[in-house]
Structures are given as structure tokens and as C-alpha cells.
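All letters in the sequence shown, in the order written, are residues 1 to 551 by UniProt numbering. Quick reminder that beta carbons are idealized off the backbone N, C-alpha and C, glycines included. For reference, the structure is listed below as C-alpha cells.
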Amino acid sequence: MTTFDDILEEAGKFGRCQKRIFALLCVLSVPFAGVYVGIVFQGFTPDHWCRDSEVVEWRQTCGWSLADSRRLMVPLVNSSDVLQPSSCEQYEVDWNSTAFTCDTEELDFSKSPITACKRGWEYDYEGRRSFVTEFDLVCSNAWLVDMYQATLNVGFLVGSIAIGYLADRLGRKMTFLISNVLNGIAGILVAVAPNYVSLLVFRTLYGFGVKGGWVAGYVLLTEIVGVEFRRTVGVLYQMFFSVGILLLPLLAYFITDWRWLQAVITIPYILMLSYYWFIPESPRWLLSQNKKSKAVKITEDMAKENKMSLSKNIESLTDDNADSNTASFMDLIRTPKIRKHTFILSYNWFTSAVVYQGLIMRLGILGGNVYIDFLISGLVEFPAAFLILFTIERIGRRLPFASANFVAGASCFITAFIPDSMFWFKTVVACIGRLGITMAFEMVIFVNTELYPTFVRNLGVSVCSTLCDVGGIVAPFLLYRLAVIWLELPLIIFGSLAFLAGGLVLLLPETRGVPLPDTIDDIEFPDRMKEKVAQKDQQLTNLLPNKTTLL
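Take a look at the structure:
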């Protein structure tokens, strides 16, 4: 019997065909970045204060500036030991029954009663429109902004499970295309949502398709390349997410309306429907569905494009996972070592999502130039992929993985206590933290696959990674609500989570140079696995003299 990996030896493990498909699917990671962290620009909250139509009339009559009218009608409040104009309160003044003068120096309402904003808000947004300014999501309604990101992650959570199921039933390619149809429809609906409730509903549907489709593309890509190329291809596939991070502030700078920005982010998903003619179905999946003739035809086309020829071995092509056992959730917690792996990896997925999203969304509330800050922080993500590829085969998995979490945690703590006057130093340290958590986020994916036996590997990754979406739901509430108490408080929480994650990683076994486990015993009794590998090596060594003799 011949497996698909055997045939790839002849057809090409990463030839011209796979490189073409790799380039096409990597495009999928670019708009995913806009969906994932677009809230920084789409949900931007500018400086704001209470709106009063009567004050607007006086401003026009007297020629007052915005600053003048704001000073007259808004009381000062203590914010971080600094007196600043209130964003949520105003002086209660009857502008029609009082004799006023246009001279602002003579007007003083500081002794008037103070009340909450009753007629909406004015925004100092310099032409930029966000859904915050359109739906007045400030003051007592500010928590609703958190829901924009939380509902997306709810969609991620449900969509990853549902579309993962569809990918096993309908195929990788068909599921990828279906998700892009959903992304195109939901993305446009988000852009034209008439109110905030409908916006949240459409945003959830958007999340349902976006992440599931991205995962389907990832699976398809790793299934058509040789074993030794899977890890590199997977890391680079994720790296294109960082390309999207760099493009997002450039788009947001020139597209100042959040609805049009949403439409532009959605367009690539619609264009990717054309991939129907450019990417094949996964031959591995076709074999698992007993569709051998289609798998053979696609494999022959791949070999032809790679300018390789196939032997008659393809006639005996079989599914190398046909005899896999049926996995259940209990397999992830029944035995002690696998249970430990499940809890540690789940926590690391959770922490990576909370810290990564939190650090990015934090850029939108710092008050600096959000475009420059976002661009700089995006640039530091690129070295993460190359550091992973450079270290994992030289040093191993555990130490770089733990170190990345420790670096992220330490950077968060240090950044929190650096004074704002040391702006560039604070920026550099924060960027180092972003690099660390990006590296940890990218490593948890493939470390997860190496710590479970074959028959439960996919289920293990699916279950653990759901904590990533739970972290995404929690992240905006942690950031925005805690920042109201103290701007740097979220960093203390992020640092604590990352340090604990790094410490837990050190409790995991090193997997460099260790074959992927096939059974639960391979995990629970690693010494037996080493003996098994040593026996195989000895058998191969014993065969060598015999081959020499035959020659």
C-alpha cells in the first residue's frame, strides 16, 4: 500500500504547484488582520463632550470656537490627578431665560448645577467617523464598544467548530468557498448596518465565517505539502497576518469612514471566490472519503505542474489515517500527562489571545498618533516568524516558547511604570512585548499538534484553541473597563497572565527530535517510545550490511 506522503516524494513535496497554492492562500491572512483588530480604527473614540443645541446656536451667533463653548458648558473633573473637561457631564443652564453676552470672559457657570449629558455629544474627530461617534457609544454606553470585539470572537468560537465539522464532511476547498460567500455577505451587512444591535448580529456572523475559512485554508495548505515543509508553511501563512497589520493603518488613514473601511476589508473575501478555478481539493481528504480516482487525478495534475513523473505506485494509493481510532473529549483528560498538556495548552491559547488583542487595542486609547503607533508595532511582528524558524530546531520548542511569554510579561510590567515623558523608551519596550506575545501565539499552534497522539490530535487542537476565542471575548472588557480605573492597569494583568503561561510551558516535555506520538502510551510512557525508536534505528542499521553484501 502507498500513502499520500509516499506519492508526494514523486510528485514534489513543495514544487511549483504547492508554491502557487501557498501564495494564493496566504492572501487570506491579510484581510483577517483587518477583521481581527479593525476595532482600533473602526471603534475609535475621539475626544467628546455634551452637546446642547442652544449652545451651538450661541456659538454660531457669537463666533465662539469649540474650545470656548466647551469651556463654558462643561465642568472640570479630576482625572489621574489632572483637572480635565468632563466628557459625560455639563452645567445645567437655561440659555433662553438668561441674559447673555458674547464675551466668554464675562460668562461663568461654575456654580450652576451639574447634570449628565441629555442631548447627545459633540466629537473632536477631525473628519473621521467611527461607529462610536455614529451611535454615541460613550459614557454610560461605552461598554457597548467592548461588545463589538466580543461578538466577533463569539462568531470565531462557534464558526471554528461548525466550519471545522463542515471541512471534514464537505471538503477543505468547498468549505473555504462557502465561508468566503458568508464573509462577503456578512461583511457588507456590517458596513450597512442601520443600528448597533444589527451591527453586533452581523459582526457575529462575520466572525463565524472568517476564522473557520482561515483554518480551512491552513488545513488545505498543510495537507498538500511534504511533512518537512508543514511547519515552515504554517508559520509563514500566519506571518501574512502581520502584512495585514501593516496595511490596516494605511487604509484607515486614507479611508476615514468606518463603513467604507469595512467594505474595503471585505472585498478580498469576495474576490477569493475565484479560487474555485485555481486551487484543488485536498487529495488526503478525498482519500478519507473513498474518492480515490479524484485524489489520483489531482495528484497527477500536481506532479505535471511540478514537472515530475509518477510511478505505478499511485495505483495502490490508500488513506494513511483509515484505521484511526475514534477520539472523544475524555481522551484529553483521562490520563495524567495528556490532562496536564490539555490544561497548560488551553491556558496558553487563552493568554495569547488576551495579551495579543489587548496590546493592539490598547494603541487606540493611548492618545498618540494611532497610525504611526500601529505601524511600528506591526513591524515588530515580522521577526517573530523568523525567530521561531531559527530556534525551534536548534534550541527546541519549550525554551523559546516559555521565553517568549516571559519577555511579553516583563515588557508589560516595565511599560506600565515607564513615565509618559520617556515616550520612545516606552514604545520600544512595548514593541518588544508585542514581539514576544506574537512569537508565543504562533508557537502554541504547532506545539499543540506535537503533544497529542495521532487519533486525538485534531480534537486536541480544536478543544484547546477554543480558549483562544474565549480570551478574545474577555480581552476588550479587561482592557477598556480596567483602563478607566488606571490606564496602565491592563498591562499589569497582561503581564501576570503571560508570566504564568511561561512558567506552565516549562512543565511541558521537549518535542524537538521526537517523532509524533501515535498512541496514548507514547505520551504517558515516553521511555517506551524512545526504546521503540531505538529499535527501529537498530533494524535499519542491521539492514545496511545486508544491502552491501547483496551489491
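Same chain only: Cβ atoms within 6 Å of residue i, ignoring 5 sequence neighbours per side
i: Ser465; result: Trp349
i: Leu199; result: Ala193
i: residue 554; result: Since the displayed the chain opens at 1 and closes at 551, residue 554 lies outside it and no answer follows.
i: Thr482; result: Position check: residue 482 holds Leu in this sequence, whereas Thr was assumed. Closer than 6 Å at Cβ, skipping near neighbours: Leu489 and Pro490.
i: Pro517; result: Pro453 and Ile523
i: Pro400; result: Thr391
i: Ser69; result: Val55 and Arg59
Paired residues, beta bridge with residue i - DSSP
i: Ile114; result: Tyr91
i: Gln84; result: Val77
i: Glu122; result: Trp49
i: Arg129; result: Asp257
With 16 other Cβ atoms within 10 Å as the buried cut-off, status of residue i
i: Ile485; result: exposed
i: Gly364; result: buried
i: Asn195; result: exposed
i: Asp323; result: Because the pLDDT of Asp323 is 47, which lies under 50, any placement of that residue in the model is unreliable, and the number read from its coordinates should be weighed accordingly. Under this definition Asp323 is an exposed residue.
i: Gln84; result: exposed
i: Ile338; result: buried
i: Phe406; result: buried
i: Pro283; result: buried
i: Ser29; result: buried
i: Ser293; result: exposed
i: Glu450; result: buried
i: Lys111; result: exposed
i: Glu381; result: buried
i: Asp146; result: buried
i: Trp424; result: exposed
i: Trp58; result: buried
i: Pro280; result: buried
i: Met422; result: exposed
i: Asp373; result: buried
i: Met239; result: buried
Contact under 8 Å by Cβ, residue i with residue j
i: Ala416; j: Glu488; result: yes
i: Thr2; j: Arg128; result: no
i: residue 553; j: Leu389; result: Residue 553 is absent from the model: the chain starts at 1 and stops at 551.
i: Val37; j: Met361; result: yes
i: Val264; j: Gly207; result: no
i: Thr175; j: Ala216; result: yes
i: Ala33; j: Gly358; result: no
i: Gly209; j: Gly164; result: no
i: Leu287; j: Glu10; result: no
i: Leu507; j: Met439; result: no
i: Gly120; j: Arg51; result: yes
i: Val227; j: Asp5; result: yes
i: Tyr237; j: Cys17; result: no
i: Phe202; j: Leu221; result: no
i: Ile344; j: Val505; result: yes
i: Met73; j: Val56; result: no
i: Ala430; j: Ala498; result: no
i: Ala186; j: Arg259; result: no
i: Tyr261; j: Leu247; result: Per the sequence presented here, residue 261 reads as Leu, with Tyr not at that position. Their beta carbons are not under 8 Å apart, which means Leu261 does not touch Leu247 by this criterion.
i: Leu24; j: Phe441; result: no
Limits of the unbroken beta strand (DSSP E) element including residue i
i: Cys50; result: Asp47 to Cys50
N-terminal and C-terminal residue of the alpha helix (DSSP H) that residue i is part of
i: Glu442; result: Phe423 to Glu450
i: Arg259; result: Trp258 to Leu271
i: Arg172; result: Arg172 to Ala191
i: Cys17; result: Arg16 to Cys26
i: Arg394; result: Careful: Arg394 lies outside any alpha helix (DSSP H) and carries neither H nor E.
i: Pro509; result: Unbroken run through Pro509: none, as it is neither H nor E.
i: Leu8; result: Phe4 to Ala11
i: Ser29; result: Ser29 to Val37
i: Glu300; result: Lys292 to Glu305
i: Arg362; result: Pro336 to Arg362
i: Leu286; result: Pro283 to Ser288
i: Ala142; result: Counting along the chain, Ala142 falls outside any alpha helix (DSSP H), and DSSP gives it neither H nor E.
i: Trp214; result: Tyr196 to Glu223
i: Val380; result: Val380 -> no alpha helix (DSSP H), and no H or E assigned at all.
i: Glu488; result: Taken as a continuous stretch (DSSP letters only), Glu488 belongs to no alpha helix (DSSP H), as it is neither H nor E.
i: Ile418; result: Element bounds for Ile418: n/a, residue is neither H nor E.
i: Ile523; result: Ile520 to Glu524
Residues near residue i by beta carbon distance below 8 Å, same chain, minus five either side
i: Thr61; result: Cys102
i: Val370; result: Val40, Phe41, Phe44, Pro249, Leu363 and Gly364
i: Ile333; result: Arg339 and Thr342
i: Asp53; result: Before going further, note that residue 53 is Ser rather than Asp in the sequence given. So the list reads Arg119, once near-sequence residues are dropped.
i: Val461; result: Ile445, Asn448, Thr449 and Tyr452
Cβ-heavy atom distance, residue i to the ligand NAD, below 7 Å
i: Tyr237; result: This structure simply doesn't include the ligand NAD, nor any ligand for that matter.
Cβ shell of residue i (< 7 Å), same chain only, five flanking positions each side left out
i: Leu8; result: Gly226
i: Tyr91; result: Met73, Pro75, Phe109, Ser112 and Ile114
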